Every structure is written in structure tokens, then in C-alpha cells.
Amino acid sequence: MSKQLPILMFCALPASGKSESRRYLKSLNKEQNAAFHLGDTSTQVDDYPYVDAMRKIDAAAEATMNTTVFFDPATTMFKSGFDWGTLMYLINDDYFDIKKCDSKIPAEYQADPCMWLFNRYDAAFVKTGKIPARFAELKASHTAEQFNAFKAATYELCNTILKEKYENIPASLEGKTVVFEFARGGKQGSKFPLEAPYGYQYSLGLLDPEILENACILYIWVTPEQSYQKNINRAQEGAQGLSQTVSTQLSLNHGVPHNVMVNEYGTDDVDYLLSVTEKKDCLTIHRDGKAYFVKIGRFDNREDKTTPFRKPQAQWKPEEVESMKAGMIAAFDAMLK
0 MSKQLPILMF CALPASGKSE SRRYLKSLNK EQNAAFHLGD TSTQVDDYPY
50 VDAMRKIDAA AEATMNTTVF FDPATTMFKS GFDWGTLMYL INDDYFDIKK
100 CDSKIPAEYQ ADPCMWLFNR YDAAFVKTGK IPARFAELKA SHTAEQFNAF
150 KAATYELCNT ILKEKYENIP ASLEGKTVVF EFARGGKQGS KFPLEAPYGY
200 QYSLGLLDPE ILENACILYI WVTPEQSYQK NINRAQEGAQ GLSQTVSTQL
250 SLNHGVPHNV MVNEYGTDDV DYLLSVTEKK DCLTIHRDGK AYFVKIGRFD
300 NREDKTTPFR KPQAQWKPEE VESMKAGMIA AFDAMLK
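Letter by letter, the sequence shown follows residues 0 to 336 in numbering that gives the first Met the number 0.
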């Protein structure tokens, strides 16, 4: 492969080193990027801010209406596992908005950022075929006073997401590689294939065909046990102000609870999908009766290479940079050959 990658998807279990790997790649100059077939990687599509928003919206819903929208308060897990699909449909939307290269926020969204975000979630719910339009139901089942109090409690959050979404839209995609970032998994001890709505097989199968045809996956490889420990370490470092990654700062608000790590990230299906693929070094993803072969390279982080890259770049040591570079070369060689 000689051309520049249009889309690079960072996938892994939580806290595996996706954000740190991104920081390393963003530090490269144009010539170094070209060696990895990358353009400018500053434009991103990430579902974590939506997950973080889900928890904050639920906190507001509990405070104002004594209910939740997304999560079961007893288990801290999704009420419906098909919300993994909700997130994929939001990813699709974000990508195609980026492709429009128009960063002007529509006036109607500025006028009511809460309904803008609630309507986006509702549309994504319905697309899963398994979840109703929850916000429409919430509005219908509560008084105007209650729903307006709920909106007031979520206004700053929704407005921030709206602004950040449009600030991320470039004037042009010329010379750019759009970066996706998301984590998927399943219950510890699960048999394969993972049943929908869990794992990459389900979630990747919801991506728009245009994305599947143009994407490669950089998979950051750690064990589920390492992922769990890294999740704890990342939150501790963030609390001490020792990390500069966005995911760490977000995780300070809501770290991934233990039972979620066990039941939703206790394993993933990348090894399995590679073992049954129809094409080497690809994940075979079936959508609408067609097979898509998504190239994948695994960055082996089972011996930790990424943690040092949570620090300011001026503190990166030469040997750390060389170790990261070697791991990236091996992953990209598998992905691009």
C-alpha cells in the first residue's frame, strides 16, 4: 500500500494505550507520518465523550426526575447492551459530518443544544432496532417543569459537546487521516463468537460501508487483566495530575467500574476474528450480505510501551520513543503489507 490511509481506527480494551499511542503518532513530523502512510491525524472520531455524557446525563435525570436513561443504577451497566450499537451510529454520524468540512454550527442547534444531543441519541437508539426513542418517551412521561429542569441540568454538557464536535470539523480533508477510537469487549469467560451486541464483530458491522472500505485498524494489544490494572493506574495518575491524555482526564469523572470491566471488557474477540478471517491480517466483517476485509495491525503492548507517553512530550526518553517506534513499525507493517 502506497497511498495515505483515509481512516485509522484505534481499537483495544480500556486503558490499553490508545490515547498514548495517538499522542506519539501526533508528535511525528510530516516525513515520519508518511512512513506510516499517515496524513495529519488531528481530526478524530471517538465514542468515549458520548459514554461520559451518558453517565452525566443519567446523574441529571436521577436528580431531576428520579430515573435514568442509559445505565442501571444497581449494576452501573447499560440497561440495554445494544447501546454499544447506539455509539456506533453516533460514530457514523460524526464521520459524515466531518466529511462535509463545514464547522459552522446550525442556528437551531445553538438555540437548543440539549434537544440537539437528545435527538441524536434517539435517532441512534431507533437505528439499533432494539431501543426506543428514550428521550422522546422521557419528555412525554414527565411534566414540562420536570423536563425543563432536566434540560437545565444538562445544558452546559450538551453545549460543550456541540461546540467540540464542530470545532473538530476541518475546512478540508486534504492531507488528513481521520482517526477513530473505541473499545469493545465481552464478559469474562465468554465463548466465541461473542453474541451481539458485544465485541468488535457486532460493532464494526454497524459502521457505514464507506468507512469499512476505507479503514484500517491499529489494535493496541494487552490482556484483560492488564487492561483492568491500567484502568486503575490511569485514574490514579490523572488524580495526581501526572497524565495529559484526554481519556485520563475524562476517566476522573467516571472510572470504568469493576463489574463493567469484568462483564463488558473481560475479553474481546480480536483473536477469534483473526482465527476465522477469510483474508490474512484482516477482520472479515459482514454487513448487508457483503464481506468487508478490514486490515489490522496489532501493536503489542503486553510489555508496556505506552504509559510514558502520558507525560509531557519534553519528558519522553529516547529509549521510550525507540521502543514505541519499533512496536508501531511492526504493527503497521502487518497492516499495510
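The beta-carbon is built from N, C-alpha and C at its ideal position, and this holds for glycine as well.
Quick caveat: nothing in here was measured; it's all calculated off a predicted structure.
Check: With 16 other CB atoms within 10 Å as the buried threshold, where does K279 fall?; Outcome: exposed
Check: Indicate, with yes or no, if the ligand ATP has a heavy atom lying under 8 Å from the CB of K294.; Outcome: You won't find the ligand ATP in this model; it holds no ligand whatsoever.
Check: What does DSSP give as the partner residues of W220 in its beta bridges?; Outcome: D299
Check: Go ahead and label P13 buried or exposed: buried means 16 or more other beta carbons lie within 10 angstroms of its beta carbon, across all protein chains shown.; Outcome: buried
Check: Just the Cα atoms here: how many angstroms apart are Y94 and F146?; Outcome: 30 Å
Check: Alpha carbon to alpha carbon, what distance is there between Y120 and E157?; Outcome: First, the residue type needs correcting, since residue 157 is Cys and not Glu in the sequence shown. Each residue's alpha carbon lies about 12 Å from the other.
Check: Rounded to whole angstroms, what is the Cα-Cα separation between V275 and Q200?; Outcome: 12 Å
Check: Going by beta carbon distance, what residues of the same chain come within less than 7 Å of Y271, once the five residues before and after it are set aside?; Outcome: F191, P192
Check: Give me the Cβ distance between F35 and R21, rounded to the nearest whole Å; I'm assuming they're in contact under 8 Å.; Outcome: Contact flag wrong, Cβ pair sits at about 12 Å.
Check: For L205, I'd like the list of residues in its chain whose CB is within less than 6 Å of its CB, leaving aside the five on either flank, ordered along the chain.; Outcome: G84, M87
Check: Relative to the C-alpha of H230, which candidate in L116, M260, C215 has its C-alpha closest?; Outcome: The question names His, but residue 230 is Asn in the sequence shown. The shortest Cα separation from N230 among L116, M260, C215 belongs to M260.
Check: I need the DSSP call for V269, collapsed to helix, strand or coil.; Outcome: helix
Check: Which residue or residues does DSSP assign as beta-bridge partners of L27?; Outcome: Beta-bridge pairing links L27 to no other residue.
Check: As a quick exercise: from H257, E212, I216, G326, pick the residue whose alpha carbon is nearest that of Q228.; Outcome: H257
Check: Could you pull the start and end residues of the beta strand (DSSP E) that I284 belongs to?; Outcome: 281-286
Check: Under 9 Å between the Cβ atoms of Q43 and V177?; Outcome: yes
Check: Using the rule of at least 16 other Cβ atoms within 10 Å of the residue's Cβ for burial, across every protein chain shown, is E19 buried or exposed?; Outcome: buried
Check: Distance, Cα to Cα, A337 vs F331?; Outcome: This structure leaves residue 337 out entirely; the chain is present only between 0 and 336.
Check: What are the uninterrupted segments assigned as alpha helix (DSSP H) that are 4 or more residues long and contained completely in the region 43-87, given in chain order?; Outcome: 47-64
Check: Hey, would you say C215 sits closer than 9 Å to M327, going by beta carbons?; Outcome: no
Check: Under a three-way DSSP split, which group does D39 fall into?; Outcome: strand
Check: Helix, strand or coil for L203, going by three-state DSSP, please let me know.; Outcome: helix
Check: Between the region 123-133 and the region 107-114, do three or more beta carbon pairs fall short of 8 Å?; Outcome: no
Check: I'd like to check one pair, P311 with E319: are the Cβ atoms closer than 9 Å?; Outcome: no
Check: In the DSSP assignment, what are the bridge partners of A234?; Outcome: Looking at the DSSP assignment, A234 forms no beta bridge with any residue, so it has no partner.
Check: For K162, which three-state DSSP category applies?; Outcome: helix
Check: Using 9 Å as the threshold, is the C-beta distance between T283 and G184 below it?; Outcome: no
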